[in-house]
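Shown next, in structure tokens, is the structure this report addresses.
Chains as they are written, first to last, in the working numbering: chain V, 1 to 114; chain D, 1001 to 1115.
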């Protein structure tokens, strides 16, 4: 596909445990994003990155942290997972802020917190 | 406070007819609008976009119309095909006014095209 891979694709974890989701791109794009998709809420931005070690919060950042130590990898960490973080998580990439062509999304990670 | 609204959760259309998906927004600073299509168990894929300096953009069977005075856009699919059955997300962005160029999405509309 478009050179963006999310891992794992599915994960079940227990409340209170830490979880890290990985997004890997081979496009050398500068911008990377983490969104979550929930019924009745659409896609909501969690965190985004505009370069190595440059990250910022999105709309629903509470309970999440991110890191980007290399251009190709953007990690999303749930420090202590809660049931409200059960969701489908999508990573996206874009080459620039020229927004007419939007983002390229990964296939998603379905996370269940029990 | 929802800045991008898709008020119809679902839409059912007969194959060959027109599908019209609607989107409203509240932030007058939005200057790019996009439509994404999403199949189950896949990520959203970019469909078509429009700049705020235009009122129409067409790509094959897909046309997006923008009415800035009404803060409304719509996606027309003509003719509709069963393969168009998916969830459609409207998205918008603005360099200023809060979104910092990031895309803000609506809740989506599930389109079903019946043979």
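Where is the CB? At the ideal position from N, CA and C, for every residue including glycine.
For this session: Answer with buried or exposed for residue 53 of chain V, where buried requires no fewer than 16 other C-beta atoms within 10 angstroms of its C-beta.
Result: Taking the first chain and counting its residues from 1, one reaches residue 53 of chain V at position 53. Classification for residue 53 of chain V: exposed.
Exercise. If you check the beta carbons only, do residue 34 of chain V and residue 24 of chain V fall under 8 angstroms apart?
Worked result: Your numbering for residue 34 of chain V matches position 34 in the first chain. Your numbering for residue 24 of chain V matches position 24 in the first chain. Result no, Cβ atoms of residue 34 of chain V and residue 24 of chain V do not sit closer than 8 angstroms.
For this session: Classify residue 83 of chain V as helix, strand or coil using the three-state DSSP reduction.
Result: What you label residue 83 of chain V is simply residue 83 of the first chain in a count that begins at 1. In this structure, residue 83 of chain V counts as helix in the three-state DSSP scheme.
For this session: Keeping to the same chain, check which residues put their C-beta closer than 6 angstroms to that of residue 80 of chain V; ignore five residues upstream and five downstream.
Result: Counted from its first residue, the first chain places residue 80 of chain V at position 80. Excluding sequence neighbours, residue 80 of chain V sits near 16.
Exercise. Can you check whether the CB of residue 1074 of chain D is closer than 8 angstroms to the CB of residue 1027 of chain D?
Worked result: Locating residue 1027 of chain D in the second chain gives position 27, where the first residue counts as 1. Locating residue 1074 of chain D in the second chain gives position 74, where the first residue counts as 1. Not in contact: residue 1027 of chain D and residue 1074 of chain D (Cβ atoms no closer than 8 angstroms).
Problem set entry | Expected contact under 8 angstroms - CB spacing of residue 22 of chain V and residue 75 of chain V to nearest Å | If you number the first chain from 1, residue 22 of chain V lands on position 22. If you number the first chain from 1, residue 75 of chain V lands on position 75. Rounded, the Cβ-Cβ distance is 6 angstroms, consistent with contact.
Exercise. Ends of the beta strand (DSSP E) at residue 1014 of chain D?
Worked result: Sequence index remark: in the second chain, residue 1014 of chain D carries index 14 (1-based). Per DSSP, residue 1014 of chain D belongs to the beta strand (DSSP E) from 1010-1014.
Exercise. DSSP on residue 1019 of chain D, reduced to helix/strand/coil?
Worked result: The residue you call residue 1019 of chain D lines up with position 19 of the second chain. Correct three-state label for residue 1019 of chain D: strand.
For this session: Please state if the CB of residue 88 of chain V and the CB of residue 37 of chain V are separated by a distance shorter than 8 angstroms.
Result: As a working mapping, residue 37 of chain V is identified with position 37 in the first chain. As a working mapping, residue 88 of chain V is identified with position 88 in the first chain. It is a contact, given that the beta carbons lie within the stated cut-off.
Exercise. For the segment 29-48 of chain V, which residues have a beta carbon sitting closer than 8 angstroms to at least one beta carbon of chain D?
Worked result: 33, 35, 40, 41, 42, 43, 44, 45 and 48
Exercise. Does the beta-carbon of residue 32 of chain V have 16 or more other beta-carbons within 10 angstroms, so that it is buried, or is it exposed?
Worked result: Here residue 32 of chain V refers to the residue found at position 32 when the first chain is read from its first residue. By the neighbour-count rule (16 or more Cβ atoms within 10 Å), residue 32 of chain V is buried.
For this session: Kindly identify the DSSP beta-bridge partner or partners of residue 21 of chain V.
Result: For this step, residue 21 of chain V is matched to residue 21 along the first chain. According to DSSP, which records beta bridges pairwise, residue 21 of chain V is partnered with V:76.
Exercise. To which residues of the same chain is residue 19 of chain V closer than 6 angstroms at the C-beta, ignoring the five residues directly before and after it?
Worked result: Here residue 19 of chain V refers to the residue found at position 19 of the first chain. 13, 78 and 81.
Problem set entry | Cross-strand partners of residue 42 of chain V (DSSP beta bridge) | Here residue 42 of chain V refers to the residue found at position 42 when the first chain is read from its first residue. Answer is V:38.
Exercise. Going by DSSP, what residues sit across from residue 49 of chain V in a beta bridge?
Worked result: Residue numbering aside, residue 49 of chain V sits at position 49 when the first chain is read from its first letter. DSSP, once it has assigned bridges, lists V:32 and V:55 as partnering residue 49 of chain V.
For this session: Go ahead and pull the three-state DSSP assignment for residue 1049 of chain D.
Result: Residue mapping note: residue 1049 of chain D aligns to position 49 of the second chain, counting from 1. If DSSP states are grouped into helix, strand and coil, residue 1049 of chain D belongs with the strands.
Exercise. Whose CA, out of V:11, V:4, V:39 and V:27, lies closest to the CA of residue 1106 of chain D?
Worked result: The residue you call residue 1106 of chain D lines up with position 106 of the second chain. When each option's Cα is compared against that of residue 1106 of chain D, the closest is V:39.
For this session: Could you work out which residue in D:1084, D:1008 and D:1007 is closest to residue 1047 of chain D when comparing CA atoms only?
Result: Taking the first residue of the second chain as position 1, residue 1047 of chain D is located at position 47. Out of D:1084, D:1008 and D:1007, D:1084 has the C-alpha closest to the C-alpha of residue 1047 of chain D.
Exercise. Which chain D residues are close to residue 97 of chain V, counting only those with a beta carbon under 8 angstroms from its beta carbon?
Worked result: The count along the first chain starts at 1 and reaches residue 97 of chain V at position 97. Correct list: 1095 and 1101.
For this session: Would you grab the beta carbon distance between residue 1032 of chain D and residue 99 of chain V for me? Rounded to a whole angstrom, and I think it's under 8 angstroms.
Result: Mapped onto the second chain, residue 1032 of chain D falls at position 32. Mapped onto the first chain, residue 99 of chain V falls at position 99. Contact flag correct, Cβ pair sits at about 4 angstroms.
For this session: Pull up the distance between the alpha-carbon of residue 1056 of chain D and that of residue 1041 of chain D, whole angstroms please.
Result: Your numbering for residue 1056 of chain D matches position 56 in the second chain. Your numbering for residue 1041 of chain D matches position 41 in the second chain. Between residue 1056 of chain D and residue 1041 of chain D, the C-alpha separation is close to 31 angstroms.
Exercise. Could one say the Cβ of residue 1042 of chain D lies closer than 8 angstroms to chain V's Cβ atoms, at least one of them?
Worked result: Locating residue 1042 of chain D in the second chain gives position 42, where the first residue counts as 1. So yes, residue 1042 of chain D belongs to the interface.
Problem set entry | Chain-order list of residues whose beta-carbon lies under 6 angstroms from that of residue 92 of chain V (same chain, five-residue window excluded) | Residue 92 of chain V sits at position 92 when you count from the first residue of the first chain. Hits under 6 angstroms: 33, 103 and 105.
For this session: Compute the Euclidean distance between the alpha carbons of residue 1009 of chain D and residue 1110 of chain D, then round it to the nearest angstrom.
Result: Translated into positions along the second chain, residue 1009 of chain D becomes position 9. Translated into positions along the second chain, residue 1110 of chain D becomes position 110. Cα to Cα, residue 1009 of chain D sits roughly 6 angstroms from residue 1110 of chain D.
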